[in-house]
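Colleague:
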Amino acid sequence: MPSEPGDTVTSRSTSPFIVKFIFIFLAFFAIQLGSKLRAQTVSINLKDAPFVQAAEAISKQTKYDFSYNDRILKKAKPVTLKLVNEPLINALRKLFAEQPLTYEIKDRIIIILDKSTSAPSGLTETPVEGRVTTEEGKPLDGATIKVKGSNFSTRTDENGKFVIPTQYANSTLEIHHLGYAKLEVNAIRARTVTLELISSTLNEVTIVNTGYEKIDSRKLTSAATTLKMDSILTPGINTIDKLLEGRVPGMIFMENSGQVGAAPRLRIRGTSTILGNREPLWVLDGIVLTDPVNVNPQQINDLDFVNLLGNAIAGLNPQDIEQIDVLKDASATALYGAKAGNGVIVITTRKGKVGRPVISYFGTTSFSRHPRYSDKGMYMMNSQERMDVSKEMIERGMQYNGLTQFTGYEKALQDYYAGNIKYDEFKQLTDYYANVNTDWMGLVTQDAISHNHTLSLSGGANGIKYYSSLGYQNENGAIKGENNKRYSSLMSITADYKKFMAQISFNGNYSTRDYTPQDLGVMNYAYNTSRTIPAYNADGSYFFYPRAISGAPYYNYNILKEKENSGDHTDLISANIRALIKYRVMNGLDVDGTFAYNASSNNRELYYTKDTYYINNIRGSRDPRFDLAPVGGELQRTETRNNGYTARLQANYNTSFGRDDKHSITASAGMEAISSEYNGFKINRRGYFPEMGGYFDMVPTTNTGYYQQYMSKIEALGSYNRQLTNTLAWYGTTGYSWNNRYMVNVHIRGEQSNLFGSRSNNRFLPIWAVSGRWNMKDDLLKNVSWVNDLAVKASWGWQGNMLPGQSANMVIQQYPTSDIYYNSQLSKIVNFPNPDLKWERTSSSNVALEFSLLGNKITGSLGYFYKRTEDAFLDKTVSEINGIESYVINSGTLENKGIEVSLSIKAIDNVGVSGSKRGFVWHFDPQLGQVLNKVLNRAINNRNNVLVDNLDYNDYLAGTVQLAGKPLNTFYSYKFKGLSPVDGSPVFYGTEEEQAAAYQEKYGLMKKEDVYLEVMSESGRREPFIQGGLSNYFGWRNFGLSFNLTYSLGNKIRLMKIASGYGTAIAYPQQNLRKEFVDRWRRPGDEAYTNIPGLLANNYLNSPWWTQYPASAYQFGGSIYDMYDNSDIRLVSGDYLKLQSASFRYNFAEKLVKKMGLSSAYVSVTGTNLFIISNKMLKGQDPTQSGSTPNINLSLIPTYSGSINVSF
Amino acid sequence: MKYIYIFLPVLLLFSSCSKFLDEYSTDLKYVQNADDLNKLMIGEAFINSVSLSAYSNQETMGDLSETGLTAPWLHVMDDDSEQFVLGFAETDKATPLYKLSGFHNWGQTPALNVLNLSWEDILWKKIYKRVGAINAILFQASKLAETSDNSTLQHIRGEAYFLRAYYYFLLQNVYGSPYRVSSAVTDEGVPLKISEKVEDNYFKRDNNDKIYKQIVTDLDQAEQYLQGYNPATKIRVGIAAVKILQSRVYLYTEQYDKAIAACKNFSAMGYTLNDLNVYSRNTNFTSRSSNESIFTMGPNSVPAVFINDSTATYNGNDRLASSFKASSTLISSYASDDLRLNAFFQRSAKTKSWLPAKYRSWQTPNDPEQTSCIFSFRYAEVILNNAEALAMTGANDEARNEIQKLRINRFKNAAMDQIPAGNQELVEFIRAERRRELCFEGHRWFDLRRYAVNSRYPLPQDFTIRHPAYSFNAQTNSNSSIGNYVLKSFAQDAPAWQVPIPNYAIEFNRGALTNPVRSVRTVQPL
């Protein structure tokens, strides 16, 4: 049962199990709710109780709601009544017998009316006054009240009240409010009762915004997930992309770093391209957003790349967002054209509501805890354990290779041996080092406090609505000195007057990011530096240890000094303006024009002062002939300016005809021009002194090395680059629906761009899709009462993708610098003619069943998708005799398919009759998305085919090899056999040293790829294939508790490296080791008890037989320690269940709020990333951290936030 | 229908759409004119230059990549070089000796270092990359010529044809079998690819006849396009370069009459020989401003292969050598009055060993005098080619007169009577003179290969090249001779007379491309 979801996730369940689980779950609720429906009898025993108490009791037992007006209720008398299993009708009769009231029952609502004024005929001379509220009893302003059959309509005021003129007192009113179910009510009843509008659920009137059109979700034919920001907003999570975790079935969310501002990786419905960009397209209010900095797709697609550059939506304040629509299938994304192949995420900002001005403030303070050595995930040796390693090395007589400088214990020992120090002193030093236990973690990381404040002003009056906000966010990172600040603002005004509608909005933000330069490797350092090395001397000055640099003896190193003397700072300022004007030409036809302009400027400055390892390493021996940085430090400055515009003109037409207007047609067509330009400038300058605001000092001309070797390089001279992308497109969409029951839609778009080179290959390809929907309820299940709604929808479409720069003609690239030898400009060939290149085409199909059951208690959808990419671009290796070694061809076929389940269950719903005091509410929204990805065919790996690709073993280890029949990102590991009884070094199947001759003979005859497969075994895939969330909401009275559990299944990760890379099996004096090494092999015989290798006994282990000729022809690995870290015993499942967020909220009582002059107020406490259940073997390693990355990334850190929200 | 007017501004907006959709890039473009092709020639067709800085240690072979030195090992396969060892360099260092000894000793897989770790021989790739670019340039040039032909375009086409011929000549002489007139149609050369298209197939070796025919054809084309053109700079190709390469190719293919014809008119083009009697010590013998220079491209890798035995005292690279030096047989072949010994060589700092040094100002960054060791042509070769061709056709007197032109500039007193009169002796004499004159310019290995299979005067059956081998004794800190690596005559040791095609090419082509198997070579004890 749901109380223990952890079990289902950690038991490595497969998808059928999950599905089964959900069905069992559904069945349970069906039974529960069904039993409640049958309870139609009432038992009460009351004496002089208020009338309300009786009504609540009846309501609770029968599930019939009471509806009444406070004014009427004042007339009610106390109730004395005893009923035992009385049928409802009788019970009511008895209850009302004594009262000056009467009642009527309609739609399971008992409406209480005033007996004395209930004669309708006598009331025609007064206007009808009514009030509209939400189901929680809050007044609803801006609801439209239309008198059926007439032209009259009005709106409710801020108190939810409305007035209808006398002449319509007997008519029927249609009450409508965006986001709520439509209500039809007799004006007579509206006069006396408060009308509750029930907020819409998925199957009701959710309006899906595709950016080009707004569609009622009941008419939606394509696949989209719509999220209201209010339901996913989590204090402490400051970007929109991170809020989507676990909320969108079919979207895989991967976050590989806990650094501030690190952008997660999103994959909507799998990966349908190999060489192209795999990230989704972001759209803000209909306008496609561009990234502030252009990063090439290869880098972004790399699973080990930590994106600290910020993506298109990093500057947006989630508080300003109303709704997010994730468009998933071809039909939903067709209108965006070729760039939308990976799905589209449409963001709609808040617009303001008609009514009095509302000022609201939202503030959050968050606390995040820094990683500590005591954390489970840390698992590093302490001083004592580390010294034990040193002692073992000395006892075993092991030697460092090429080490010249000793530190700490090793130095003391060397000094003692050399007679420089006496035994007492040696003993004293030894004790000191054993107990230093420097807290590197604590020195470079911090517990961070972050703030977030948003102030907004919104409102509206006759025909005009406005929303404006100002946001400030200051997020401090767990690594000291890392920080992300954001100032954001949004303003929008919408006017709607007669034939015109106009909207103008402005969105601006300024943000700064501070990081420590990547190559300092702060986290690597904190993990790997021996804790026997002090950070400070006794007098508080820095303790330095010698670090080797080329060409000079050593450099005095201390990470804290390095951090002080370097920095990486980014400023980003960006603004978007947008204007939309709509003209209603005639009934059913309107024309709208949109113009949007965006500009951003991103400025990154990375510097090192002269007192850094970086500079000293460049300087080497400081001989003027070779000294590349003789004066000062270095400043690397990169500016990127991006500006662009979108102009769009669109005509929309809709009409209904036939009997009862059963046939309806909608059509839209438009043209758009999009232009985006990047201007960049990049320069590295040496001679930099950051003091006094930063200046550059001159470098004496005697430094010939500097001038000849450094100043002639392009990065030192500086370079501009410019990219301009223009797209002109036309698009159209048309739909037909019969009686809102059968719908069919067609979307089509054609586009042309100025993309260099693509023209000639790019024979015009329109992108199109067809989709349909059948609302089955009325046809098939008209009389099945427990099914409220049932619909099936399907879509099919084509999407295309073209790689830039590929051309049927030869493309050359001009170099910005001259060739100094020829003293002339030069060009290089970037692309040999590629006349056969075609579009990469993806066909995608989508089928989904949407349902609403048991009185809308359970709503949800069940979907299946299938995407097939043909002619996928692949880099194919050709013989170097062609002059090039790699060539892009269309030859891959990829398949992505999966199931998506999305449910919304109102498990317990005792909202209560009065609205002021809510009963217990439990909403439960499980989501599940499965994405199975497979490379179907790869002509270039087919042995019988002429085409081959040259791969090396790293491609297999990293999962960058694409093999037919395997998912993308499938990776391989060595097969660990055991430890050598001789020196404790790891041994792997198929590589044993003693059989080297036999293996050489065998492997020499095999193809390289087959040798790899012989020594490696398949490990799994690096991307998860099932992800989802279980979001829960519990409400009672003014309290609300919500939490979101997310789960991810199906990927494998490597444990963090212990013996190679940032880990090591050669314990240099400065180096710390993983705690695993405490259980290492120490002497022959240990191999029976441990699989942790011994210390690296001799250097030969770094050049085993397979690295030497002739085995080097099919070299399948590096050193054995490298292989150990990439072996199957270092492999674990990356499955996890995570409490992504939990939030407890208290709404201040309405009375109190009123008293303080507020309209609403609440406080909440939120925690994010609170705990994670994952494989035990990870020993606390976060599943987001993988041993495949070259550096240790900061794990996701829990944050705790307190926030307050008040509205005036 | 008044709303149609709303579309008007939009139509106006899009009316400029032809420009809006113009392909745009700051740095990418299509080839549109001769200037674009010229830039491409510089970026893609010539051998890259590498600026050598002063070496402070023996690790000069760290970068043999695409952007590094080109085939420094071409200097160490012949009988002009031998090991230069002094002290002990750690075996994981990329010294010339440790890195290139596989080539030096004609090993089975030459691209192996002293630790038996393989490295990639990039020359093959590097040359084919340039050939690929030239193929494309020639194709684009012919398309351009259809619309606008001019002299610049013609010179570029001539240059491209010349370079393609030269590159195939180079590939052929490194990786192919020596050209034998009798069996050229069946002897295996290198794969020939001259089309501009990228071909998805496995390549195989073409025969020597086909390769040389293509070389001759390309040179004919080059001659036609460059007729009468001599550029002001030595780093671009003119008619003289075409002629000298023609004479070399004809000499290699034993078409002596054509070789003689190609050697004509050089003095009319202003080329003269340097008189070493007026040579001043420690200056460059070869340089771009020299009257002998015809064409050069790329770096001079001699200083990186033949390193001095004291590079830097401050970091322990004193009295240390792990490289190569001029062989004793070469040095002993210079007569006492031969002025070339001092002009072509310098003595090492510690052991006073002979190190080649025709070009000396290599420490000057971007030296305008820089002349390549392998990829350069100079006038002296014309004399030697001409003399040899004349001698081979039996025109002894003309041959003697021709060689004497060189000798008077190379000796204190060069007497005509020192030149033998008998035909075979004369040929031997010219060959020996050629060795002394053109040493360390990438000729000797190629020349030995062609002498070995010459139809008239082949090398003797017992011809061998001996490369001494040493072992290091840590106790005495000295290197003692342990014997020789021996390359036997072509008849006995043919596969070792051509460099194996690198493994990556063999692997990629999956059996279509093969190498003759070299025998395992071990040290022959003294």
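If you read the protein sequences in the order shown, they are chains A and B.
Just so you know, my numbering puts 945 at position 933 of the first sequence, and the rest follows in order with no gaps.
Just so you know, my numbering puts 302 at position 297 of the second sequence, and the rest follows in order with no gaps.
All C-beta atoms in this analysis are idealised placements derived from N, C-alpha and C, irrespective of residue type, glycine included.
Report the rounded CA-to-CA distance for Ser1200(A) versus Tyr1133(A), giving the unit in angstroms.
Modeller: On the first sequence, residue 1200(A) is found 1188 positions in, with the first residue counted as 1. On the first sequence, residue 1133(A) is found 1121 positions in, with the first residue counted as 1. Taking the straight line joining both Cα atoms gives about 14 Å.
Colleague: Using a Cβ-Cβ cut-off of 9 Å, state whether Asn110(B) counts as contacting chain A.
Modeller: The count along the second sequence starts at 1 and reaches residue 110(B) at position 105. Not one chain A Cβ lies under 9 Å of Asn110(B).
Colleague: Any idea if Lys24(B) is buried or exposed, counting beta-carbon neighbours within 10 angstroms, 16 or more meaning buried?
Modeller: As a position in the second sequence, residue 24(B) is number 19, starting the count at 1. Exposed, because fewer than 16 other Cβ atoms sit within 10 Å of the Cβ of Lys24(B).
Colleague: I think Tyr276(B) touches Ala245(B), with their Cβ atoms under 8 Å apart; what is that distance to the nearest whole Å?
Modeller: In the second sequence, counting from the first residue as 1, residue 276(B) sits at position 271. In the second sequence, counting from the first residue as 1, residue 245(B) sits at position 240. That pair is a contact at about 7 Å.
Colleague: Under 8 Å: do the segment 540 to 551 of chain A and the segment 492 to 502 of chain A share three or more Cβ pairs, one atom per stretch?
Modeller: no
Colleague: So what does DSSP say about Gly1040(A), is it helix, strand or coil?
Modeller: Here residue 1040(A) corresponds to residue number 1028 of the first sequence, with the count starting at 1. Strand, per DSSP.
Colleague: Please list the segments of the beta strand (DSSP E) lying wholly inside the segment 537 to 609 of chain A, counting only runs of 3 or more residues, in order along the chain.
Modeller: 557 to 561, 564 to 569 and 578 to 598
Colleague: Give, in chain order, every unbroken run of the beta strand (DSSP E) that is at least 3 residues long and sits entirely within the segment 392 to 478 of chain B.
Modeller: 470 to 478
Colleague: Anything in chain B within Cβ reach of Leu1025(A), meaning under 8 Å, just list it in chain order.
Modeller: Sequence index remark: in the first sequence, residue 1025(A) carries index 1013 (1-based). Neighbours of Leu1025(A) on chain B: none; closest Cβ ~17 Å, over 8 Å.
Colleague: With 9 Å set as the bound, which would you pick, yes or no: does the beta-carbon of Asp498(B) sit closer than that to a beta-carbon of chain A?
Modeller: For this step, residue 498(B) is matched to residue 493 along the second sequence. For Asp498(B), the answer is no, since every Cβ of chain A falls outside 9 Å of its Cβ.
Colleague: Helix or strand or just coil, what does DSSP make of Asp211(B)?
Modeller: Within the second sequence, numbered from 1, the residue matching residue 211(B) stands at position 206. Here Asp211(B) sits in coil by DSSP.
Colleague: Across which residues does DSSP place Leu1067(A) in a beta bridge pair?
Modeller: Residue mapping note: residue 1067(A) aligns to position 1055 of the first sequence, counting from 1. Within the DSSP bridge table, the entry for Leu1067(A) names no partner.
Colleague: Below 7 Å on C-beta distance, what does Arg734(A) contact in chain B?
Modeller: One-based indexing of the first sequence puts residue 734(A) at position 722. Per Cβ cutoff of 7 Å: Thr31.
Colleague: Rounded to whole angstroms, what's the CA-CA distance from Tyr1080(A) to Ser873(A)? Just pull it up for me.
Modeller: Taking the first residue of the first sequence as position 1, residue 1080(A) is located at position 1068. Taking the first residue of the first sequence as position 1, residue 873(A) is located at position 861. So the two alpha carbons sit approximately 58 Å from each other.
Colleague: If you drop the 5 nearest sequence neighbours on each side, which residues of the same chain put their C-beta closer than 7 Å to that of Gln219(B)?
Modeller: Here residue 219(B) refers to the residue found at position 214 when the second sequence is read from its first residue. Same-chain partners within the cutoff: Tyr173, Leu197 and Ile199.
Colleague: Using a C-beta cutoff of 9 Å, does Leu117(B) count as contacting chain A?
Modeller: By one-based count along the second sequence, residue 117(B) stands at place 112. Yes, because at least one Cβ of chain A sits closer than 9 Å to the Cβ of Leu117(B).
Colleague: Measure the Cβ-Cβ separation of Tyr284(B) and Ala354(B) and say whether it is below 9 Å.
Modeller: Numbered from 1 along the second sequence, position 279 holds the residue referred to as residue 284(B). Numbered from 1 along the second sequence, position 349 holds the residue referred to as residue 354(B). No, these two residues do not count as a Cβ contact at 9 Å.
Colleague: Do you know whose CA, among Tyr234(B), Leu143(B) and Trp502(B), lies nearest Val36(B)'s CA?
Modeller: Your numbering for residue 36(B) matches position 31 in the second sequence. Comparing alpha carbon positions, the residue from Tyr234(B), Leu143(B) and Trp502(B) closest to Val36(B) is Leu143(B).
Colleague: Going by C-alpha distance, which of Leu431(B), Leu69(B), Tyr166(B) and Pro505(B) is nearest Ala227(B)?
Modeller: Within the second sequence, the letter at position 222 stands for residue 227(B). Of Leu431(B), Leu69(B), Tyr166(B) and Pro505(B), the residue nearest in Cα terms is Tyr166(B).
Colleague: Could you tell me which chain B residues have their CB closer than 7 Å to the CB of Arg637(A), listed as they occur along the chain?
Modeller: Translated into the one-based positions of the first sequence, residue 637(A) becomes position 625. Simply Ala59.
Colleague: So what's Ser1213(A) in DSSP terms, helix, strand or just coil?
Modeller: Counting from one through the first sequence, the residue named residue 1213(A) turns up at place 1201. Ser1213(A): strand per DSSP, three-state reduction.
Colleague: So Ala350(A) packs on Gly812(A), CB below 8 Å; how close in whole Å?
Modeller: Translated into positions along the first sequence, residue 350(A) becomes position 338. Translated into positions along the first sequence, residue 812(A) becomes position 800. About 5 Å; that satisfies the 8 Å criterion.
Colleague: Have a look at Gly265(A) and Gly258(A) and give me their C-alpha separation to the nearest angstrom.
Modeller: Indexing the first sequence from 1 puts residue 265(A) at position 253. Indexing the first sequence from 1 puts residue 258(A) at position 246. The identity of residue 265(A) in the sequence shown is Phe, whereas the question assumes Gly. Spanning the two alpha carbons is a distance of roughly 8 Å.
Colleague: Taking 8 Å as the cut-off, does the segment 610 to 621 of chain A touch the segment 663 to 673 of chain A (at least 3 CB pairs, one atom from each stretch)?
Modeller: no
Colleague: So, does the CB of Pro1122(A) fall closer than 9 Å to a CB anywhere in chain B?
Modeller: In the first sequence, residue 1122(A) corresponds to position 1110, counting from 1. Pro1122(A) counts as touching chain B.
Colleague: Please name the residue or residues paired with Gly699(A) in a DSSP beta bridge.
Modeller: As a working note, residue 699(A) is residue 687 in the first sequence. Note: Gly699(A) sits in no beta bridge, so no partner.
Colleague: Do Leu1042(A) and Leu1057(A) have their C-beta atoms closer together than 9 Å?
Modeller: Looking up residue 1042(A) in the first sequence gives position 1030. Looking up residue 1057(A) in the first sequence gives position 1045. Closer than 9 Å, so yes.
Colleague: Flag this pair as yes or no: are the beta carbons of Ala181(A) and Val140(A) separated by less than 9 Å?
Modeller: Reading the first sequence from its first residue, position 169 is the one you call residue 181(A). Reading the first sequence from its first residue, position 128 is the one you call residue 140(A). Cβ distance < 9 Å, so Ala181(A) and Val140(A) count as in contact.
Colleague: Using a Cβ cut-off of 9 Å (strictly closer), state whether Val890(A) contacts chain B.
Modeller: Within the first sequence, the letter at position 878 stands for residue 890(A). Taking Cβ atoms only, chain B reaches closer than 9 Å to Val890(A), which makes this a yes.
Colleague: CB-CB under 6 Å to Ala538(A), same chain, minus the five flanking residues each way: which ones, in chain order?
Modeller: Residue 538(A) sits at position 526 when you count from the first residue of the first sequence. The residues are Trp452, Met453 and Val456.
Colleague: Could you work out which residues of chain A lie near Val203(B), taking near to mean beta carbons separated by less than 9 Å?
Modeller: Locating residue 203(B) in the second sequence gives position 198, counting from the first residue. Result: Phe844, Pro845, Asn846, Val890, Asn894, Gly895, Ile896 and Tyr899.
Colleague: In the DSSP output, what is Tyr435(A) paired with across the bridge?
Modeller: Looking up residue 435(A) in the first sequence gives position 423. Residue pairing of Tyr435(A) in beta bridges, as defined by DSSP: absent, with no partner found.
Colleague: Pick from Ala61(A), Lys59(A) and Val54(A): whose alpha carbon is nearest that of Ile70(A)?
Modeller: As a working note, residue 70(A) is residue 58 in the first sequence. Cα-wise, what sits closest to Ile70(A) is Val54(A).
Colleague: Can we count Glu1004(A) as close to the ligand ZN, meaning its CB is less than 8 Å from some heavy atom?
Modeller: Within the structure as shown, the ligand ZN is missing, as the structure has no ligands at all.
Colleague: Check the C-beta distance from Thr361(A) over to Ser504(A) and give it rounded, since I have them as a contact under 8 Å.
Modeller: On the first sequence, position 349 is the one that residue 361(A) refers to. On the first sequence, position 492 is the one that residue 504(A) refers to. Rounded, the Cβ-Cβ distance is 6 Å, consistent with contact.
Colleague: Taking DSSP as the reference, what is the three-state secondary structure of Arg384(A)?
Modeller: The residue you call residue 384(A) lines up with position 372 of the first sequence. Three-state result, Arg384(A): coil.
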